[in-house]
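Chains as they are written, first to last, in the numbering used here: chain A, 29 to 181; chain B, 869 to 1293.
Take a look at the structure:
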């Protein structure tokens, strides 16, 4: 007699837990799928790797590559590529004097991209610069390098 | 003539089927008018006399609602011409401006109504605070209201990108970069918002979908809950009101919080006719007509604004050259001013704390005094803290709006601004 209500409780427990688990699983899986759906797998953005002109085509000093938002510096036969994207909030910095200046919130960077003043939390990124087989400069804006790595050609 | 025609229409079979009551002439019919109409039944048949007094609410919440409705109307119309594609969006703006009949005015109305809605929702929030109307039993409705304030900001911000001009492009670039500063998930969040690494086509369509369907639906849902709770919490806050609690919510004790007296309807021949113990008046016509008047006033002001001043439209978005200074919409300029000192503190910590404080306010402030009274002397501490925060927010916003020139350097607003200073050699 005493086991009667126990049996009922077990059945009830199993039914309830099965029901709740299925409900939570169905809801969670749907939500997870919807969330993942929103993360794109293919980006139709300009490639982050860019083949520029040959080294000798660039004049001494800075050249701005607008599509990449990169400053390419030439000093004799050494090259470097410095990002023009302010590390603060993503505005494009301008050349000013010996360094860079951000018009959005007034960050100032020196020649090498290090923060001199303003709210920017990190120096401007230097991007990897290589030479392709046919002698063109290749800039990869997805690869950051140390701010002392010059490409010497 | 017109009134006669209207009255005879109400007497026809069709008229009776639509309006049932017709133009009310007795108190019974006035009550029925409010109860039987889908639109009027948002309100009780009778409301406290305070409700129709302008100084009780200054009409701020209602104006916010009207602005939302106007925004839905003008927004749907604009959608007929707008294509959310980077090649078309800016041209569509120009079309609205020069080719489409009344296109410019509609766009202006939409833009100014959006600005006004942010302003009036904020003012409404201040009104509710200064009259202590967030106190029990209305704590939860205050939280719903804070959510509506955030939804208003989100709606305005997502709409900001759609014209695809310089203003739009750089405000969104700055705004989403702030999201990137959130700890741990920041960069992922930014990627998700933009649907990529930069503000481009996928960002435009994402903001568009959020702006025209996701956020409006959410806002409608929250507005519905907000209005529902106004009634269920006992109408507008007033001093010495009976309190709705979880204990007396059952119908047996509801007479405590009733909002109209049935005895007036039922016992029309007793000496008590017209004498209402709770000083209430009929919604129809007292409240209904004032509400209509307020709507007309809102629409009139908005039309004047839209006819006199054009919504800004700068040059087409240029990912290479930010305008100088690049500014977010005015209601975010206080934050941008903070962000100019530190993106993490100004962009994440301070707004996070502010929202938390707003949500927690009705639960943290346990004083029951000063409900329904403007600037009650019994709430000195709360009033001081809130006013201080408000003043700081306003001052920061004003500085960011008027006192920041090129390169975000300090500038007196009356000094001439050097235009088109790009700094690029």
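Glycine included, every Cβ here is placed at the ideal spot set by N, Cα and C.
Is the Cβ-Cβ distance between residue 1151 of chain B and residue 990 of chain B less than 7 angstroms? Not in contact: residue 1151 of chain B and residue 990 of chain B (Cβ atoms no closer than 7 angstroms).
Run down chain A in chain order and give the residues with a C-beta less than 8 angstroms from the C-beta of residue 1069 of chain B. Listed along the chain, the chain A residues whose CB falls inside 8 angstroms of the CB of residue 1069 of chain B are 72.
Which of the three DSSP states, helix, strand or coil, is assigned to residue 196 of chain A? Residue numbering for chain A in the displayed model covers 29 to 181; residue 196 of chain A lies beyond these limits and cannot be assessed.
At 7 angstroms on the CB atoms, spell out the chain B contacts of residue 67 of chain A, in chain order. From the beta-carbon of residue 67 of chain A, the residues of chain B found nearer than 7 angstroms are 1060.
Range covered by the alpha helix (DSSP H) that runs through residue 1247 of chain B: Neither: residue 1247 of chain B is in no alpha helix (DSSP H) and is coded neither H nor E.
Nonlocal neighbours in the same chain, by C-beta distance under 8 angstroms from residue 154 of chain A, ignoring five residues either side: The answer, listed in chain order, is 108, 109, 110, 111, 141, 172, 173, 174, 175, 177.
Under three-state DSSP, which class holds residue 165 of chain A? In the structure shown, residue 165 of chain A sits in a strand (DSSP, three-state: E or B).
What are the residues of the segment 90-111 of chain A that lie near chain B, defined by any Cβ-Cβ distance shorter than 9 angstroms? 90, 92, 94, 95, 97: these are the residues of the segment 90-111 of chain A whose beta carbon lies less than 9 angstroms from some beta carbon of chain B, given in chain order.
For residue 1251 of chain B and residue 1234 of chain B, what's the separation of their Cα atoms in angstroms? Going by the C-alpha atoms only, they are around 14 angstroms apart.
Report yes or no: do three or more beta-carbon pairs, one from the segment 66-74 of chain A and one from the segment 1056-1069 of chain B, lie closer than 8 angstroms? Enough Cβ pairs lie closer than 8 angstroms, so yes.
Which same chain residues, not among the five before or five after residue 968 of chain B, have their C-beta less than 7 angstroms away from its C-beta? Excluding positions up to five away in sequence, the list reads 949.
Within the 7 angstroms Cβ cut-off, does residue 1193 of chain B reach chain A? Output row for residue 1193 of chain B: interface = yes.
Length of the line joining the Cα atoms of residue 1229 of chain B and residue 965 of chain B: Cα to Cα, the separation comes out at about 45 angstroms.
Taking contact to mean 3 or more Cβ pairs, one atom from each stretch, closer than 8 angstroms, check whether the segment 110-127 of chain A and the segment 882-897 of chain B are in contact. Segments in contact, no.
Check whether residue 999 of chain B and residue 1242 of chain B have beta carbons under 7 angstroms apart: It is a contact, given that the beta carbons lie within the stated cut-off.
Leaving out five residues before and five after residue 919 of chain B in sequence, what residues of the same chain have Cβ atoms less than 6 angstroms from its Cβ? Around residue 919 of chain B: 1104.
Simplified DSSP state of residue 1091 of chain B, which is helix, strand or coil: Three-state DSSP puts residue 1091 of chain B in a helix.
So what's residue 1135 of chain B in DSSP terms, helix, strand or just coil? The pLDDT assigned to residue 1135 of chain B is 41, lower than 50, so where the model puts this residue is not dependable, and the model offers no usable value.
Put residue 1120 of chain B into one of helix, strand or coil per three-state DSSP. Low per-residue confidence applies at residue 1120 of chain B: pLDDT is 41, beneath 50, and the placement is therefore not dependable enough to give any value.
For a contact defined as C-beta to C-beta under 7 angstroms, what are the partners of residue 149 of chain A on chain B? Within chain B, the C-beta atoms nearer than 7 angstroms to that of residue 149 of chain A come from 1211, in chain order.
Establish whether the CB of residue 1041 of chain B and some CB of chain A are separated by less than 7 angstroms. Flagged as an interface residue toward chain A: residue 1041 of chain B, by a C-beta distance shorter than 7 angstroms.
In angstroms with no decimal places, state the Cα-to-Cα distance between residue 1200 of chain B and residue 1272 of chain B. The alpha-carbon of residue 1200 of chain B is positioned some 14 angstroms away from that of residue 1272 of chain B.
Can you tell me which residues form a DSSP beta bridge with residue 1178 of chain B? Its beta-bridge partners do not exist; DSSP assigns none.
For residue 141 of chain A and chain B, any beta-carbon pair shorter than 7 angstroms? Taking a beta-carbon distance threshold of 7 angstroms, residue 141 of chain A does not count as an interface residue toward chain B.
Say the cut is 6 angstroms; is the CB of residue 1052 of chain B nearer than that to a heavy atom of the ligand FAD? Annotation note on the ligand FAD: not contained in the displayed structure, which lists no ligands.
So is residue 1276 of chain B in contact with chain A if we call contact Cβ pairs under 7 angstroms? Residue-level contact check: residue 1276 of chain B touches chain A, since one or more beta carbons of chain A fall below 7 angstroms from its beta carbon.
Give the DSSP-derived three-state secondary structure of residue 58 of chain A in the structure shown. Reduced to three states, the DSSP call for residue 58 of chain A is helix.
Check whether chain B comes within 7 angstroms of residue 83 of chain A, counting only Cβ atoms and requiring the distance to be less than that. With 7 angstroms as the cut-off, residue 83 of chain A does not count as an interface residue toward chain B.
Given 8 angstroms as the limit, is there contact between the segment 1174-1188 of chain B and the segment 1025-1038 of chain B, that is, 3 or more CB pairs closer than that? The segment 1025-1038 of chain B and the segment 1174-1188 of chain B touch, with three or more beta-carbon pairs separated by less than 8 angstroms.
What in chain B is Cβ-close to residue 120 of chain A, meaning under 7 angstroms? Below the 7 angstroms Cβ cutoff, chain B contributes 1188, 1189, 1190 as neighbours of residue 120 of chain A, in chain order.
Tell me, to the nearest whole angstrom, how far the beta carbon of residue 1042 of chain B is from that of residue 1194 of chain B; I am working on the premise that it is less than 8 angstroms. Contact flag correct, Cβ pair sits at about 6 angstroms.
Counting C-beta neighbours from all protein chains within 10 Å, is the total for residue 1003 of chain B 16 or more, i.e. buried, or is it exposed? Taking a 10 Å sphere around the C-beta of residue 1003 of chain B, we find 16 or more other C-beta atoms and assign the residue as buried.
Hey, is the segment 893-912 of chain B in contact with the segment 1147-1162 of chain B, meaning 3+ C-beta pairs nearer than 8 angstroms? Cβ pair count under 8 angstroms is three or more, so yes.
Just checking, does the segment 1072-1082 of chain B make contact with the segment 1023-1031 of chain B on the three C-beta pairs under 8 angstroms criterion? Taking 8 angstroms as the limit for Cβ pairs, the verdict is that the segment 1023-1031 of chain B does touch the segment 1072-1082 of chain B.
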